[in-house]
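Protein chains: 2
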Amino acid sequence: MYSKWLQVLVKCPLFEGMDMDQLNSMLECIKPRVLKYNKDEFIALAGNDFKGVGIILSGEAIIVKENVAGNRVIISMIESGEIFGEMAAFSGKPKWPASVIAQQPCNVIFISSKTFVSQCENLCVSHQLLIMNMLKILSQKALILNRKMEYLSIRSIRGKIIHYLLEQYKQNDKNMFTLPLNRNELADFLNIPRPSLSREMCRMRDEGLIDFYRSSIRINSLENLKALADL
Amino acid sequence: MYSKWLQVLVKCPLFEGMDMDQLNSMLECIKPRVLKYNKDEFIALAGNDFKGVGIILSGEAIIVKENVAGNRVIISMIESGEIFGEMAAFSGKPKWPASVIAQQPCNVIFISSKTFVSQCENLCVSHQLLIMNMLKILSQKALILNRKMEYLSIRSIRGKIIHYLLEQYKQNDKNMFTLPLNRNELADFLNIPRPSLSREMCRMRDEGLIDFYRSSIRINSLENLKALADL
DNA sequence: AAGACTCAGTAACAATTGTTACCAAAGTGG
DNA sequence: CCACTTTGGTAACAATTGTTACTGAGTCTT
């Protein structure tokens, strides 16, 4: 019944650590529903009753939220193997917090929240793995949000840049390294306009703090950078 | 063995839904360690091996993080009944992401991550509740961070105010309501300086969008507010 | 009721940031 | 190799925001 989708599901972080046999027998055990959606159909409608954690089996969908003004904003796009609804599933409010809309014909599997707490009758070991994976997904989500928050709560552009560079420096452990993002992406990540990012980086270069050419960066004065970081 | 602390633990969200008898038998089953710390002692040291999810039984502690510049920043304060380390517990990196330092003599209980995935031998029902509660705590944490992010990623002060007011309006469902925060707290929440908040609110009053006196607010033109919300 | 404290509004000025538009260098595909 | 696209630096100007310091209203205390 699920064999058609095993290839996709085995790559989903929710089933990490399982081989296809384990996965298959677990699916037979928890029996999640697989549903089809046409293009532009609502896979989930914000405010409606929550169905369960969803995984896109095929196709592509967007997650959409209505802001306070009532306008629709695209939060993200998800495709095959990706998961949605994991935050809402256990929050105690069984309503969809955002809408999910098929961009192409989609197959979607829904795993009910109960699955994660009640041991299955067969006491399969995969079930424990499933719970562990869900906990992992949620905590990693929280950690990512936490990191983003750190950047967003820095008010000055220079502060954000320094924070980012020092984080990169820590990872590379070298004075010279390559940025994994281009200017547009970096500006986006730091939530500032790109020209403002460029301007500030050039000022920092003029002051002798850093040197750079495109994505190659050299930190000239680690001490000065650090001293500026907590203003 | 744990009876001394049942009163505290029963109020902890991790054990929500359990009565003292259930809680006690579950503790006897998972046998978590209880450790004592003196004032100023490190309950957890950032970078060290992760011990497990902690709960403060008595006393008071601070959660401290070193920023990129190497300075210590107090993230939050926790007291009896409060939990720490829940994000790190399942993230796959078994290191403390921040330090926890006792501010007063503390008793702390540590519950290992494994507890949450492996069913106990006695198959106690409370165990399922424990897993469910942990999932709930994590997902609520993620949702809270998500909400904070929404505010932080709005760039203009006016945008933040409007977003906040419309959210409050939604909750109260009335044109007139009382803000739950004073100006200082609100400015802090929106991550802007207080005088800037005051100035902008007054401008909005001058433009006829809102009226207010201290914490009482009236929204004059819901439509105009909404129209301004997504600029 | 006088003094002290907290809370919020105000104003002036400096500083930072957003905006827009343009340009040059680097990369890409025929 | 030439057009085309992408990427990133630059500049000028407007707009917003931060900063600081002061004020008065309200609240609390003794």
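Same order as they appear, the protein sequences are chains A and B.
Residue numbers for the first sequence follow my numbering, so the first one is 839 and each next one is one higher.
Residue numbers for the second sequence follow my numbering, so the first one is 839 and each next one is one higher.
Think of the CB as a built atom: it goes at the ideal place given N, C-alpha and C, for glycine as much as any other residue.
- Take the alpha-carbon of Lys874(B) and the one of Lys998(B): they are about 44 Å apart.
- Comparing alpha-carbon positions, the option among Lys1008(B), Ile1055(B) and Val872(B) lying closest to Lys1064(B) turns out to be Lys1008(B).
- Segment contact: the region 1049-1057 of chain A against the region 1000-1019 of chain A, three or more CB-CB distances shorter than 8 Å; contact assigned.
- By the criterion of at least three beta-carbon pairs nearer than 8 Å, the region 983-1002 of chain B is in contact with the region 1029-1040 of chain B.
- Chain-order list of chain B residues neighbouring Ser964(A): empty, with the shortest C-beta distance near 12 Å, by a criterion of under 7 Å.
- Distance from the Cα of Ile900(A) is smallest, within the candidate group Arg910(A), Asp1044(A) and Met915(A), for Met915(A).
- Nearest Cα to Ala1025(A) within the set Asn1029(B), Asn945(B), Ser991(B) and Asp1049(B): Ser991(B).
- Remark: fewer than three beta-carbon pairs, one from each stretch, lie closer than 8 Å, so the region 963-971 of chain A and the region 929-936 of chain A are not flagged as touching.
- Only buried fits Val938(A), as 16 or more other CB atoms lie within 10 angstroms of its CB.
- Identification of chain B residues near Leu990(A) by a Cβ-Cβ cut-off of 7 Å yields Met987, Leu990 and Ser991, ordered along the chain.
- As the crow flies, the alpha-carbon of Tyr840(A) is around 11 Å from that of Met858(A).
- DSSP places Ile1048(B) within a strand segment (E or B) once states are collapsed to three.
- Excluding its 5 nearest sequence neighbours in each direction, Trp843(A) has C-beta neighbours in its own chain below 6 Å: Leu895, listed in chain order.
- With the criterion set as a beta carbon lying under 8 Å from some beta carbon of chain B, the members of the region 916-943 of chain A are Glu924, Met925, Ala926, Ala927, Phe928, Ser929, Gly930 and Pro935, in sequence order.
- Cβ-Cβ separation between Ala1067(B) and Ile1000(B): approximately 5 Å, consistent with a contact (criterion under 8 Å).
- Between Asn1029(B) and chain A, the shortest Cβ-Cβ separation is below 7 Å.
- Counting of Cβ neighbours within 10 angstroms places Glu917(B) among the exposed residues, the total staying below 16.
- Scanning chain B for C-beta atoms nearer than 8 Å to the C-beta of Asn984(A) yields Met925 and Leu983, reported in chain order.
- Taking the beta carbon of Lys979(A) as reference, the chain B residues within 7 Å of it are Ala980, listed in sequence order.
- Of all residues in the region 1008-1019 of chain A, those with a C-beta nearer than 8 Å to a C-beta of chain B are Lys1008, reading in chain order.
- When the beta-carbon positions are compared, Pro870(A) and Ile969(A) stay at least 7 Å from each other.
- The continuous alpha helix (DSSP H) containing Ala1065(B) extends over residues Leu1060 to Ala1067.
- By the Cβ-count criterion, Ser951(B) is buried, with 16 or more other Cβ atoms from all chains shown falling within 10 Å of its own Cβ.
- Taking C-beta separations shorter than 6 Å and ignoring five residues to either side along the sequence, the partners of Gly919(A) in its chain run Val846, Lys849 and Cys850, following chain order.
- For the C-beta of Lys974(B), the chain A residues within less than 8 Å are, from N- to C-terminus, Phe928, Ser929 and Gly930.
- Counting other Cβ atoms within 10 Å of its Cβ, Leu1060(A) stays below 16 and is therefore classed as exposed.
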